[in-house]
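Working notes, structure below.
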Amino acid sequence: RNRTDVKDEL
Amino acid sequence: MNIFRLTGDLSHLAAIIILLLKIWKSRSCAGISGKSQVLFALVFTTRYLDLLTSFISLYNTTMKVIYIGCSYATVYLIYMKLKATYDGNHDTFRVEFLIVPVGGLAFLVNHDFSPLEILWTFSIYLESVAILPQLFMISKTGEAETITTHYLFFLGLYRALYLINWIWRFYFEGFFDMIAIVAGVVQTILYCDFFYLYVTKVLKGKKLSLPA
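Protein sequences, first through last, are from chains A and B.
According to the numbering used here, the first sequence is numbered sequentially starting from 151.
According to the numbering used here, the second sequence is numbered sequentially starting from 105.
Written out as C-alpha cells, the structure reads:
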C-alpha cells in the first residue's frame, strides 16, 4: 500500500 | 500540497461555482444534465464521509463542505426549483450502466475491504465517468451554451492538473495511489474530444456545436 492512510486529497 | 493540486482544486471549485451561478442567474438549467449532477453529488457524498471521522486541515474540510453544498444546491435547482426548465428529453443516459459496473469494480479492486475505503473507491471510479451523461446530452442536442463549455473546461482541467500533482508527489514524496491515477487518466481522456472542440471553437469565439 503506497497510499498514505490518511486521504489528504479532495 | 503543491501548486498543481491547489490549482486543480481551484479549477474544480471554479467549475462548480460557474455552473451554480449560471443556473441561478439565468433561472434555467437548459442544456445541463441533471443526471451528471446527481452523480457528482453521489461522488462527493461517498468520498467525503470522512468529514465525520477525521480532520485533516481547515482547507480540506472547507473545500469538502463547499463541494457538497454546491452540488446538492445544483441538484435541488435542477430537479425542484427550476424543474420546468430541465430538458429531460435529452438527458437520457442510462446511469445504471455506470453505477452498477462502478459499484461492482469498487468491491473487486480496492486498497482495503472496509466500508469507508469501498465507498471512497466507488467515488473515485464513479467520478471518472460521471460527466458522460452531460457529454452525451450535448451530443444529442448538438450544441452547448458557452458558459456550459467553460464549466466543462475547468472540470476537465482539474483532474488533468491532479495527474501532474500525482507525478509531482511520486517524484518528491514517493506517494502514489494507482486507483486514483488510473481513474484520473480515464476521466481526463473522456474530456479530450471536448478539449479539442473547446480550444478550436469556443476560444475562437465560435459556439460549440456538433457535429464538429
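For glycine and all other residues, C-beta sits at the position ideal for the given N, C-alpha and C.
Within-8 Å CB hit, residue i to chain A
| i | result |
| --- | --- |
| residue 115 of chain B | no |
| residue 167 of chain B | yes |
| residue 106 of chain B | no |
| residue 322 of chain B | As displayed, chain B neither begins before 105 nor continues past 316, which places residue 322 of chain B out of reach and without an answer. |
Distance CB(residue i)-CB(residue j) smaller than 8 Å
| i | j | result |
| --- | --- | --- |
| residue 195 of chain B | residue 130 of chain B | no |
| residue 263 of chain B | residue 288 of chain B | yes |
| residue 153 of chain B | residue 212 of chain B | no |
| residue 150 of chain B | residue 218 of chain B | no |
| residue 160 of chain B | residue 225 of chain B | no |
| residue 158 of chain A | residue 164 of chain B | yes |
| residue 230 of chain B | residue 204 of chain B | no |
Among the options, nearest to residue i - alpha-carbon criterion
| i | options | result |
| --- | --- | --- |
| residue 311 of chain B | B:249, B:189, B:287, B:296 | B:249 |
| residue 120 of chain B | B:215, B:260, B:282 | B:260 |
| residue 243 of chain B | B:282, B:313, B:167 | B:313 |
| residue 298 of chain B | B:269, B:205, B:200, B:256 | B:256 |
| residue 112 of chain B | B:265, B:270, B:199 | B:265 |
Proximal residues to residue i (C-beta, below 7 Å), its chain only, five neighbours per side dropped
| i | result |
| --- | --- |
| residue 144 of chain B | 175, 234 |
| residue 267 of chain B | 288, 289, 292 |
| residue 251 of chain B | 122, 126 |
| residue 272 of chain B | 106, 108 |
Sequence-distant residues of the same chain with beta carbon closer than 8 Å to residue i, five excluded per side
| i | result |
| --- | --- |
| residue 236 of chain B | 140, 197, 202, 294 |
| residue 302 of chain B | 253, 256, 257, 312 |
Alpha carbon of residue i to alpha carbon of residue j, nearest angstrom
| i | j | result |
| --- | --- | --- |
| residue 118 of chain B | residue 107 of chain B | 16 Å |
| residue 148 of chain B | residue 168 of chain B | 8 Å |
| residue 210 of chain B | residue 286 of chain B | 13 Å |
| residue 183 of chain B | residue 193 of chain B | 14 Å |
| residue 181 of chain B | residue 160 of chain A | 24 Å |
| residue 124 of chain B | residue 177 of chain B | 8 Å |
Contacts around residue i, its chain only, beta-carbon distance under 6 Å, and the 5 residues preceding and following it disregarded
| i | result |
| --- | --- |
| residue 179 of chain B | 141, 142, 145 |
| residue 241 of chain B | 137, 194, 195 |
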